[in-house]
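A.B. asks: Residue numbers (the UniProt record's numbering): 1 to 323.
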């Protein structure tokens, strides 16, 4: 099969996580609860930051964008995975598979770069506090966010350029609950050793490169913070610890899946679940529970909502009494 896409496979069969009916019910409850909690938690952060004027700062602007991206991370594969739990034949079309991989790597690549931007934001805030608002202006934040999305898009398109024209003539069974490049390539009707290496190297390079940049950045910032002993440095350490925790949760599974040289399919499935559901839920928990300003702002937001509902209820009650 030379040149062009001579695929005869129009869809892929996803083997999913288990064939046990009882286990599928437990997974359905687990995934549904975590998915809803993740979406509500991240959307609550975005809404809180938008509605609270005193949170209109560079750090919270970036945090709101991280939460927005995490809603995308949760929504790319999880809804279909939940839906497929009760389907005997878990299928996804060829175009659907390509689309899923495109968004997974676009959003994933963007989040990696955004985490570097957030580390840079903390570096400026701690090491150059007098120039913080000048350096991290709204224009600069918007520019850095645009760069993050551009790099994520380029990374994803580069991956797809390698595989979009591969020939597929069967088998079409993919031992996973979603589409990703390593398993997708293995089903092609051609020698894919070099292609697997290129795709893995691409994802592995951006994962490892970003991870080491972040670790080096946080080590430098922590060394700087240790030279101070004020209350502000204590607050900075609390913020940094939240950032570092998020980095470990996000990059740990990525590095094992794309860089670890030995096949570990059951572990890969667990790590894929971790990345798709648990990590997007952990981010709002980490950033809100460790941040007093966010907790106070959320309480104020809930108070406003309850006040509006109470006023609306009383207004309707008076209208009904007058009738």
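We put the beta carbon where it would ideally sit given N, CA and C, even for glycine.
I'd like to confirm the pairing. Which residues does DSSP put opposite residue 74 in its beta bridges?
C.D. replies: Along the chain shown, read from residue 1 onward, the residue named residue 74 stands at position 74. Its beta-bridge partners do not exist; DSSP assigns none.
A.B. asks: Between the Cα of residue 294 and those of 38, 30, 53 and 18, spot the shortest distance and give me the residue it belongs to.
C.D. replies: One-based indexing of the chain shown puts residue 294 at position 294. The residue with the shortest Cα to Cα distance from residue 294 is 53.
A.B. asks: Going by beta carbon distance, what residues of the same chain come within less than 8 Å of residue 18, once the five residues before and after it are set aside?
C.D. replies: Within the chain shown, residue 18 is the residue found at index 18, counting from 1. Here the set comprises 24 and 27.
A.B. asks: To the nearest angstrom, report how far apart residue 305 and residue 274 are at their CA atoms.
C.D. replies: Within the chain shown, residue 305 is the residue found at index 305, counting from 1. Within the chain shown, residue 274 is the residue found at index 274, counting from 1. Taking the straight line joining both Cα atoms gives about 33 Å.
A.B. asks: Quick check on the burial criterion: 16 or more other C-beta atoms within 10 angstroms. Buried or exposed for residue 108?
C.D. replies: Start at 1 with the first residue of the chain shown, and residue 108 comes out as number 108. When all chains shown are included, residue 108 counts as buried.
A.B. asks: Give a yes or no on whether the C-beta atoms belonging to residue 297 and residue 71 are separated by under 7 Å.
C.D. replies: Working through the chain shown from its first residue, we reach residue 297 at position 297. Working through the chain shown from its first residue, we reach residue 71 at position 71. Against a cut-off of 7 Å, the Cβ pair of residue 71 and residue 297 comes out as no contact.
A.B. asks: Could you say which of 299, 126 and 276 lies nearest to residue 31 if we only look at CA atoms?
C.D. replies: Within the chain shown, residue 31 is the residue found at index 31, counting from 1. Of the candidates 299, 126 and 276, the one whose C-alpha sits nearest the C-alpha of residue 31 is 276.
A.B. asks: How many Å lie between residue 180 and residue 129 at the Cα?
C.D. replies: Here residue 180 is taken as the residue at index 180 of the chain shown, counted from 1. Here residue 129 is taken as the residue at index 129 of the chain shown, counted from 1. Distance between the alpha carbons of residue 180 and residue 129 is about 42 Å.
A.B. asks: According to DSSP, simplified to helix, strand and coil, what is residue 156?
C.D. replies: Here residue 156 is taken as the residue at index 156 of the chain shown, counted from 1. Three-state DSSP puts residue 156 in a helix.
A.B. asks: Is residue 124 near residue 135, with beta carbons less than 7 Å apart?
C.D. replies: Against the chain shown, residue 124 aligns to sequence position 124. Against the chain shown, residue 135 aligns to sequence position 135. Result yes, Cβ atoms of residue 124 and residue 135 sit closer than 7 Å.
A.B. asks: When DSSP labels each residue in this structure, what does residue 302 get in the three-state scheme?
C.D. replies: As a working mapping, residue 302 is identified with position 302 in the chain shown. DSSP places residue 302 in helix when its eight states are reduced to three.
A.B. asks: Determine, using beta carbons only, whether residue 161 comes closer than 7 Å to chain D.
C.D. replies: In the structure shown, chain D does not exist; there is a single protein chain.
A.B. asks: Rounded to whole angstroms, what's the CA-CA distance from residue 142 to residue 307? Just pull it up for me.
C.D. replies: As a first step, residue 142 must be located in the chain shown, where it is residue number 142. As a first step, residue 307 must be located in the chain shown, where it is residue number 307. For residue 142 and residue 307, the distance between alpha carbons rounds to 34 Å.
A.B. asks: Would you call the segment 91 to 99 and the segment 210 to 224 touching, i.e. three or more CB-CB distances under 8 Å?
C.D. replies: No, the segment 91 to 99 is not in contact with the segment 210 to 224.
A.B. asks: Going along the chain, which residues of its own chain have a beta-carbon closer than 6 Å to the beta-carbon of residue 254, five neighbours each way excluded?
C.D. replies: Position 254 of the chain shown holds residue 254. Hits under 6 Å: 207.
A.B. asks: Taking the alpha-carbon of residue 12 as reference, which of 63, 76 and 90 has the nearest alpha-carbon?
C.D. replies: Position 12 of the chain shown, counted from the start, is the residue given in the question as residue 12. Among 63, 76 and 90, the Cα nearest to that of residue 12 is on 90.
A.B. asks: Can you tell me whether residue 16 is buried or exposed, with buried defined as 16 or more other CB within 10 angstroms of its CB?
C.D. replies: Reading the chain shown from its first residue, position 16 is the one you call residue 16. With 16 or more Cβ atoms within 10 Å of its Cβ, residue 16 is classed as buried.
A.B. asks: What span of residues does the beta strand (DSSP E) with residue 92 cover, start to end?
C.D. replies: Counted from its first residue, the chain shown places residue 92 at position 92. Residue 92 -> beta strand (DSSP E) spans 91 to 93.
A.B. asks: Apart from the five residues on each side of it in sequence, which residues of its chain come closer than 6 Å, Cβ to Cβ, to residue 257?
C.D. replies: Working through the chain shown from its first residue, we reach residue 257 at position 257. Around residue 257: 268 and 271.
A.B. asks: When you compare the CB positions of residue 287 and residue 242, do they come within less than 7 Å of one another, or not?
C.D. replies: As a position in the chain shown, residue 287 is number 287, starting the count at 1. As a position in the chain shown, residue 242 is number 242, starting the count at 1. Yes, the pair counts as a contact, with Cβ atoms nearer than the cut-off.
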